[in-house]
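Student: Got a structure for you, questions after.
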Amino acid sequence: MFSVIKTGIVAVMTATVIGPPLAARAADLTYVTSFGGTYGNGNGQFKFPSGVAVDSAGNVYVADSSNNQVDRFNPSNFSGTFTSFGTGGNGNGQFASPFGLAVDSSGLVYVADSGNNRIVQFNPSNFSGTFTSFGTYGGGNGQFAAPRNVAVDSSGLVYVTDLPNERIVRFNPSNFSGTFTSFGTGGSGNGQFANPYGVAVDSSGLAYVADGNNRIVQFNPSNFSGTFTSFGSGGSGNGQFTYPRGLAVDSSGNVYVADTYNGSRIVQFNPGNFSGTFTSFGTQGNGNGQFYLPFGVAVDSSSNVYVADSGNYRIVQLKSSNTSSVEVPEPSDVLGILALGVIGLVAKFQRLLCP
């Protein structure tokens with residue numbers, strides 16, 4: 000749309016150019032460093048790190064399932080800040096095979112205490128004094144059966160992959176039984192899961208699940224079946240997964256998946272263009288840029304991606320380009336802009352010749 004605004008001195012031409020929507024593009028991953036790498040229960044050691052999370056200060060939390068503990072460290076000083084929480088057992092301050100974990104905006108840590116069939120919440124500044132557990136064993140309201148992973152949305156609601164019960168559970172920690180809600184049943188159809196493992200929630204409240212049906216599922220909790228969307232199929236090619244495990248979503252909406260049994264790789268994609276942005280990083284091994292059974296993945300606000308490289312007993316740090324979209328003008332848009340320039344020059348010469 001063109002318009003001409005005339006004044007006593009100049010004529011100003013304006014135009015509104017409407018182009019196509021931005022095309023989604025994958026974020027690129029590069030290797031940065033790794034933490035740990037030796038098997039054990041000492042300072043800076045892991046036995047089977049299966050879950051990873053990052054708080055707002057950049058501290059990394061690890062669910063070290065075979066050590067029955069949660070570890071915390073700051074990447075800028077790994078061994079000097081390495082702290083462990085918990086021992087093996089089912090009492091206060093104890094864990095039994097913790098697999099996944101998350102940290103909310105206030106710094107509270109949530110742990111999928113799988114062997115104890117519960118979700119644990121604690122404040123790292125007062126571990127035993129704030130240790131709170133949610134749930135008992137079973138498939139009913141307020142119950143879990145070996146929960147595998149946990150996520151917290153911006154409102155403080157907690158999401159859990161209740162794996163053997165083949166459902167996603169959501170609750171508010173301030174009213175556990177009163178807000179306990181289940182999503183899904185066992186199966187491979189719409190609104191169904193098969194041994195769901197990883198869970199994440201993006202900034203808009205959409206939930207993502209690593210489903211044993213060799214797919215990533217996205218849904219809006221306010222309309223579960225109506226928004227249930229699947230990404231992927233079984234296999235090792237573009238757009239395919241093999242029993243994906245952990246996953247995370249960054250601030251631009253890019254999804255990161257631990258495709259554990261598909262050559263131990265990390266996959267990233269943008270839901271706006273799944274097959275066009277599907278990219279994998281890593282091969283199986285123990286060198287830089289390699290993984291062996293990666294189970295957990297997390298991403299911080301600075302686009303650092305952390306991977307629980309379980310079989311190599313370490314946490315790997317990657318860097319994401321965090322580029323979710325790029326605008327490329329269509330030829331018609333470029334021609335329109337050039338035409339405006341030509342018209343403007345003609346008008347200028349007309350004014351000079353005929354004042």
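Okay, so the sequence shown: first residue is 0 according to numbering that gives the first Met the number 0, each after it adds one.
Glycine included, every Cβ here is placed at the ideal spot set by N, Cα and C.
Please give the ranges of any beta strand (DSSP E) in the segment 236-317, keeping only runs that are unbroken, at least 3 residues long and fully inside the region.
Tutor: Listed in chain order, the complete beta strand (DSSP E) runs (minimum 3 residues) inside the segment 236-317 are 246-248, 254-258, 264-268, 278-280, 293-298, 303-308.
Student: Could you tell me whether the segment 259-272 touches the segment 225-244, where touching means 3 or more Cβ pairs closer than 8 Å?
Tutor: yes
Student: Rounded to a whole number of angstroms, what is the C-alpha to C-alpha distance between Ser-83 and Gly-186?
Tutor: 38 Å
Student: With a floor of 4 residues, list each alpha helix (DSSP H) that falls wholly inside the segment 150-188, ordered by position along the chain.
Tutor: 175-178
Student: Just to confirm my understanding: we take Phe-348, look at its own chain, exclude 5 residues before and 5 after, and list those with CB closer than 7 Å. What are they?
Tutor: Residue placement at Phe-348 cannot be trusted, given a pLDDT of 37 that sits under 50; what the coordinates show is reported in the next sentence. The beta carbon of Phe-348 sits closer than 7 Å to no other beta carbon from its chain once the five residues preceding and following it are set aside.
Student: Return the chain-ordered list of same chain residues with a C-beta closer than 6 Å to the C-beta of Asp-308, the five sequence neighbours on each side being excluded.
Tutor: Phe-290, Pro-293, Val-315
Student: When DSSP labels each residue in this structure, what does Ser-80 get in the three-state scheme?
Tutor: Strictly speaking, residue 80 in this sequence is Thr, with Ser absent from that position. Correct three-state label for Thr-80: helix.
Student: Which residues mark the beginning and the end of the alpha helix (DSSP H) in which Ser-224 is found?
Tutor: 223-226
Student: Would you report the Cα separation of Gly-50 and Ile-118, rounded to the nearest angstrom?
Tutor: 14 Å
Student: Report the option in Tyr-196, Gly-88, Val-159 whose CA atom is closest to the CA atom of Val-256.
Tutor: For Val-256, the closest C-alpha among the options Tyr-196, Gly-88, Val-159 is that of Tyr-196.
Student: Once the 5 residues before and after Asn-212 are set aside, which same chain residues still bring their CB inside 6 Å of it?
Tutor: Ser-187, Ala-193
Student: Taking Phe-121 as the reference, give the member of Thr-226, Val-306, Pro-172, Ser-300 with the closest Cα.
Tutor: Nearest C-alpha to Phe-121: Pro-172.
Student: Please name the residue in Val-110, Gly-183, Arg-214, Leu-28 whose C-alpha comes closest to that of Pro-220.
Tutor: Gly-183
Student: Please report how far the alpha carbon of Gln-44 lies from the alpha carbon of Asp-70, in whole angstroms.
Tutor: So the alpha carbons of these two residues sit roughly 10 Å apart.
Student: Among Val-168, Gln-68, Thr-160, Leu-28, which has the Cα closest to the Cα of Asn-89?
Tutor: Gln-68
Student: Does the beta-carbon distance from Gly-99 to Val-149 come in below 8 Å?
Tutor: yes
Student: Just mark Tyr-312 as buried or exposed, buried being the case when its beta carbon has 16 or more other beta carbons within 10 Å.
Tutor: buried
Student: Quick check: Ala-111 and Arg-147, are their CB atoms within less than 8 Å of each other?
Tutor: yes
Student: Quick one: using the 10 Å Cβ neighbour count with 16 as the cut-off for buried, is Asn-66 buried or exposed?
Tutor: buried
Student: Go to Val-106, then tell me how far its alpha helix (DSSP H) extends in each direction, as first and last residue.
Tutor: Before going further, note that residue 106 is Gly rather than Val in the sequence given. Neither: Gly-106 is in no alpha helix (DSSP H) and is coded neither H nor E.
Student: Look at the alpha carbon of Leu-107 and the alpha carbon of Tyr-207, and state the distance between them as a whole number of angstroms.
Tutor: 21 Å
Student: In chain order, what residues of the same chain have a beta carbon less than 7 Å from the beta carbon of Ser-78, not counting five sequence neighbours either side?
Tutor: Asn-42, Gly-43
Student: Work out the CA separation of Gly-39 and Val-254 for me, nearest whole Å.
Tutor: Cα to Cα, the separation comes out at about 32 Å.
Student: Which runs of the alpha helix (DSSP H), 4 residues or longer, sit entirely within the segment 28-80?
Tutor: Complete alpha helix (DSSP H) runs here, min 4: 77-80.
Student: Below 8 Å between beta carbons: does that hold for Val-296 and Leu-246?
Tutor: yes
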